[in-house]
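Just so you know, we're using the numbering used here here: the sequence shown kicks off at 17 and counts up by one. Beta carbons are placed, not taken as given, at the ideal position from N, Cα and C, and that holds for glycine. Note that the structure is predicted; figures quoted are calculated from it, not measured. What follows is a single structure, written as structure tokens, with notes after it.
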Amino acid sequence: MANANDWRPQVNPWFIAATMILPTFMVALDTSVANVALPHIAGSLSASADEATWVLTSYLVANAIVLPISGRIAQFLGRSRFLIISMIAFTISSLASGAAVTLDMEIIARVIQGASGGALLPISQAILLESFPQSKRGEAMAVYGLGVIVAPVVGPTLGGWITDNYSWRWIFYINLPVCLLAILLTKLLIEDPPYIQAETPKSVDYVGFILVAVGLGALQVVLDTGE
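Shown next, in the form of structure tokens:
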């Protein structure tokens, strides 16, 4: 049976790298793109400035909760299937975030967006690493990391420009074409290696999961609110 060192994808691994960078760039972008739009979001949704900060906090909390458990979930669903499900959830929640008419709707959509984004990051990295020979993995991760680092930096500038020239809702709608393209490319290019398909899912420690979720969620809220 093939293992992680001798299996190779049927397509050029740089096509896979480009496919993985697309959604993760948008996930990283959404950590900061709404920052400068908060006053507009608060005014549009009839919320106070303090209440509107939950648009950011809810995304980060959900992201932090799902990120460490995504590997176990991928064992049950399959890596490529879980990746597509996460991208679909991220796309739908981005649409819902832009279309929200109340703060509660916005926060719920951002929670789903953050959770699906938290799943995308580690799974895309795992797929990326397995697609390249060991000698090229450092180069591949450098390109991938560049996209993840650049996204939060350009987020506030891009968010401010979109908000001033169009509407704050478009800071979420811009995710749609990128994510739809990523879903299509993933469906066409990404496959689970045979040794991943043959893995037997292990039982889930539900109590541990709940404790991790509560602990990480509480920690993220404290760090984000400073209280």
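Original post:
Which residue's Cα is closest to the Cα of aspartate 46: Tyr75, Ile139, Ala68 and Glu146?
Top reply: What you label residue 46 is simply residue 30 of the sequence shown in a count that begins at 1. Closest by alpha carbon: Tyr75.
Original post:
Around the C-beta of valine 230, are 16 or more other C-beta atoms found within 10 angstroms, so that it is buried, or is it exposed?
Top reply: Mapped onto the sequence shown, residue 230 falls at position 214. Classification for valine 230: exposed.
Original post:
Going by Cα to Cα distance, which pick from Tyr160, Ser183, Ala80 and Tyr189 is closest to isoleucine 32?
Top reply: Here the question's residue 32 lines up with position 16 in the sequence shown. Comparing alpha carbon positions, the residue from Tyr160, Ser183, Ala80 and Tyr189 closest to isoleucine 32 is Tyr160.
Subject >> Beta-carbon proximity list for alanine 105, same chain, < 7 Å, skipping 5 on both sides >> reply: Here the question's residue 105 lines up with position 89 in the sequence shown. Excluding sequence neighbours, alanine 105 sits near Ile128 and Ser132.
**OP:** Please report how far the alpha carbon of leucine 197 lies from the alpha carbon of leucine 61, in whole angstroms.
**Re:** Within the sequence shown, the letter at position 181 stands for residue 197. Within the sequence shown, the letter at position 45 stands for residue 61. Approximately 30 Å between the Cα atoms of the pair.
**OP:** Would you mind reading off the limits of the alpha helix (DSSP H) that contains valine 117?
**Re:** Within the sequence shown, numbered from 1, the residue matching residue 117 stands at position 101. For valine 117, no alpha helix (DSSP H) encloses it, and the DSSP letter there is neither H nor E.
Original post:
Where threonine 35 and arginine 153 are concerned, what is the direct C-alpha to C-alpha distance, given to the nearest angstrom?
Top reply: As a working mapping, residue 35 is identified with position 19 in the sequence shown. As a working mapping, residue 153 is identified with position 137 in the sequence shown. Near 16 Å, if we compare the C-alpha coordinates of arginine 153 and threonine 35.
Subject >> Segment limits, alpha helix (DSSP H) that includes phenylalanine 41 >> reply: As a working note, residue 41 is residue 25 in the sequence shown. Note, phenylalanine 41: alpha helix (DSSP H), 29-45.
Subject >> Whole alpha helix (DSSP H) elements within the segment 110-179, 4-residue minimum >> reply: With a minimum length of 4 residues, the continuous alpha helix (DSSP H) runs that stay inside the segment 110-179 are 119-147.
**OP:** State the Cα-Cα distance for the pair glycine 59 and threonine 173, rounded to the nearest angstrom.
**Re:** Taking the first residue of the sequence shown as position 1, residue 59 is located at position 43. Taking the first residue of the sequence shown as position 1, residue 173 is located at position 157. A straight line joining the alpha-carbon of glycine 59 with that of threonine 173 spans about 20 Å.
**OP:** Taking all protein chains shown into account, decide if leucine 144 is buried (16 or more other Cβ within 10 angstroms of its Cβ) or exposed.
**Re:** What you label residue 144 is simply residue 128 of the sequence shown in a count that begins at 1. Buried, since its Cβ has 16 or more Cβ neighbours within 10 Å.
Original post:
What whole-angstrom Cβ distance do glutamate 122 and serine 113 have, given they're in contact under 8 Å?
Top reply: Working through the sequence shown from its first residue, we reach residue 122 at position 106. Working through the sequence shown from its first residue, we reach residue 113 at position 97. Sure, about 6 Å apart at Cβ, within 8 Å.
Subject >> Start-to-end residues for the alpha helix (DSSP H) that takes in aspartate 66 >> reply: On the sequence shown, position 50 is the one that residue 66 refers to. Looking at the DSSP string, the run of the alpha helix (DSSP H) that includes aspartate 66 is 65-68.
Original post:
Could you give the residue range of the alpha helix (DSSP H) that holds glycine 94?
Top reply: Working through the sequence shown from its first residue, we reach residue 94 at position 78. Unbroken run through glycine 94: none, as it is neither H nor E.
**OP:** Identify, in the order they occur along the chain, each residue of the same chain with its Cβ nearer than 6 Å to the Cβ of asparagine 51, setting aside the five sequence neighbours on each side.
**Re:** Position 35 of the sequence shown, counting from 1, holds the residue named residue 51. When the five nearest sequence neighbours on each side are left out, the beta carbons in the same chain lying within less than 6 Å of the beta carbon of asparagine 51 are those of Pro172, in order along the chain.
**OP:** With DSSP collapsed to three states, give me the class of asparagine 191.
**Re:** Counting from 1 along the sequence shown, the entry for residue 191 is found at position 175. In the structure shown, asparagine 191 adopts helical secondary structure according to DSSP, grouped into three states.
Original post:
Apart from the five residues on each side of it in sequence, which residues of its chain come closer than 8 Å, Cβ to Cβ, to alanine 234?
Top reply: As a first step, residue 234 must be located in the sequence shown, where it is residue number 218. There are no such residues.
**OP:** Give the DSSP-derived three-state secondary structure of serine 183 in the structure shown.
**Re:** As a first step, residue 183 is located in the sequence shown; it is residue number 167 there, counting from the start. In the structure shown, serine 183 sits in coil (DSSP, three-state: anything other than H, G, I, E or B).
Original post:
So what's alanine 198 in DSSP terms, helix, strand or just coil?
Top reply: Position 182 of the sequence shown, counting from 1, holds the residue named residue 198. Residue state, collapsed to three classes: helix.
Subject >> 6 Å Cβ shell around phenylalanine 41 - same chain, five flanking residues per side excluded >> reply: If you number the sequence shown from 1, residue 41 lands on position 25. Excluding its 5 nearest sequence neighbours in each direction, phenylalanine 41 has C-beta neighbours in its own chain below 6 Å: Gly163 and Ala167, listed in chain order.
Original post:
Since glycine 175 contacts alanine 53 with CB under 8 Å, what's their CB separation in whole angstroms?
Top reply: Reading the sequence shown from its first residue, position 159 is the one you call residue 175. Reading the sequence shown from its first residue, position 37 is the one you call residue 53. Confirmed, Cβ separation roughly 5 Å.
Original post:
Under 8 Å between the Cβ atoms of valine 71 and isoleucine 85?
Top reply: One-based indexing of the sequence shown puts residue 71 at position 55. One-based indexing of the sequence shown puts residue 85 at position 69. No; because the gap between Cβ atoms is not below 8 Å, this pair is not in contact.
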